[in-house]
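Here the sequence shown stands for residues 13 to 241, numbered as in the numbering used here.
Worksheet: the structure to be examined is printed underneath.
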Amino acid sequence: MPEGEGESVSEVKILGQIKEKLIRRKQEWARDGRLLSGDQQEEDRTSRLPAGQRLVTDWPVLDLGLQPDVPLDAWSLSVGGLVKNPLTWSWEDLTAQPLFEDVSDIHCVTTWSRYDNYWEGVSTAHLLECVEPLPEARHVIMHSYDGYTTNVTLEAFSAPDALIAYRWEGEPITRQHGGPARLVIPQYYFWKSPKWIRGIEFSASDKPGFWEVRGYHNVGDPWKEQRYG
Ligand SMILES: Nc1nc2c(c(=O)[nH]1)N[C@H]1C(S)=C(S)[C@@H](COP(=O)(O)O)O[C@H]1N2
Ligand SMILES: [Mo]
13 MPEGEGESVS EVKILGQIKE KLIRRKQEWA RDGRLLSGDQ QEEDRTSRLP AGQRLVTDWP
73 VLDLGLQPDV PLDAWSLSVG GLVKNPLTWS WEDLTAQPLF EDVSDIHCVT TWSRYDNYWE
133 GVSTAHLLEC VEPLPEARHV IMHSYDGYTT NVTLEAFSAP DALIAYRWEG EPITRQHGGP
193 ARLVIPQYYF WKSPKWIRGI EFSASDKPGF WEVRGYHNVG DPWKEQRYG
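Have a look at this one:
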């Protein structure tokens, strides 16, 4: 048998089409301040639902229209930039890390919120222990298989409820929702939680991501209704 025959080589496929019109419309909404409730000047935590949000029980799918299909044997996560120990995890490596579980609420900038999502994966705290960011590192830029990027401060990335999630409600995260693995940073609007994560970069300077350069707020705290910036 010729060499290589019968071996299947997995590759990443990108399904779908980028939704240019939808992206433009959201960018216009950001410019015009659409969806701002105007209810909230100061942070108000008396309600579990942030200002301008409505509760849903389903789980909407939102993305740029490009959904990467990443076979587990082709998946990897590279973590680098200003760290002492850059690393690349295969799927086996990721799932061999200590398991972290957390239940948190989702708040999407398009005004839906979903309570009590049970996530399992690897805590960002554990990742930070592995890579050891250098003292100059202040910002974290996350890169996804669909070309999406988003940025948070190192402090926000280190939040005790933030994780690289690969299970939701006890099941593998579906491709539509960002599987094999996505970030979950519960304290911010959900655009700060990149699906199909492939790279995490530690940086001294901030690098606004896909939506941040299109008018979304650089921080994105739902409790301060930081939809647009
Ligand atoms: N890679 C990637 N991550 C992404 C997005 C995207 O387009 N690509 N969209 C963001 C936005 S705007 C939202 S609201 C959530 C939606 O996640 P969901 O489809 O699982 O609800 O993913 C965020 N993460
Ligand atoms: Mo969103």
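Even glycine gets a Cβ: it sits at the ideal position worked out from N, Cα and C.
Same chain, Cβ closer than 7 Å to Leu175, five either side skipped, listed in chain order:
Same-chain partners within the cutoff: Phe112, Asp114, Trp131, Gly133, Val134, Ser135, Thr136 and Val196.
For a test of your reading of the model: does the CB of Tyr160 fall under 7 Å from any non-hydrogen atom of ligand 1? Yes or no.
Within the cutoff, so yes.
Local conformation of Asp51 per DSSP, three classes
Annotated three-state conformation of Asp51 is coil, per DSSP.
Three or more beta-carbon pairs under 8 Å between the region 144-156 and the region 218-225, yes or no?
Counting C-beta pairs with one atom in each stretch, the region 144-156 and the region 218-225 have three or more that are closer than 8 Å, which means they touch.
Give me every residue whose Cβ sits closer than 7 Å to any heavy atom of ligand 2, in chain order.
Qualifying residues come out as Leu74, Cys120, Val121, Thr122, Tyr201, Phe202 and Trp203.
Whose CA, out of Thr58, Ile118 and Ser125, lies closest to the CA of Leu67?
The shortest Cα separation from Leu67 among Thr58, Ile118 and Ser125 belongs to Ser125.
Comparing the CB of Lys207 with every heavy atom of ligand 1, is any distance shorter than 7 Å?
Flag set: Cβ of Lys207 near ligand 1.
Say yes only if the C-beta of Gly190 is nearer than 7 Å to one or more non-hydrogen atoms of ligand 1, and no if none qualify.
The nearest non-hydrogen atom of ligand 1 is less than 7 Å from the C-beta of Gly190.
Going by CA-CA distance only, name the one from Glu40, Gln199 and Phe169 that's closest to Ile118.
Looking at the Cα atoms, Gln199 is the closest of the given residues.
Ala108: buried (16+ other C-beta within 10 angstroms of its C-beta) or exposed?
An exposed status is given to Ala108, since fewer than 16 other beta-carbon atoms sit within 10 Å of its beta-carbon.
Please find out if some non-hydrogen atom of ligand 1 comes closer than 7 Å to the beta-carbon of Leu76.
The answer is yes for Leu76.
Cutting at 8 Å between CB atoms, please list the residues of its own chain near Pro145, excluding the five before and the five after it.
Leu94, Val95, Lys96, Leu166 and Phe214.
Label Gly232 either buried or exposed according to how many other C-beta atoms from any shown protein chain fall within 10 Å of its C-beta, with 16 as the threshold for buried.
Buried.
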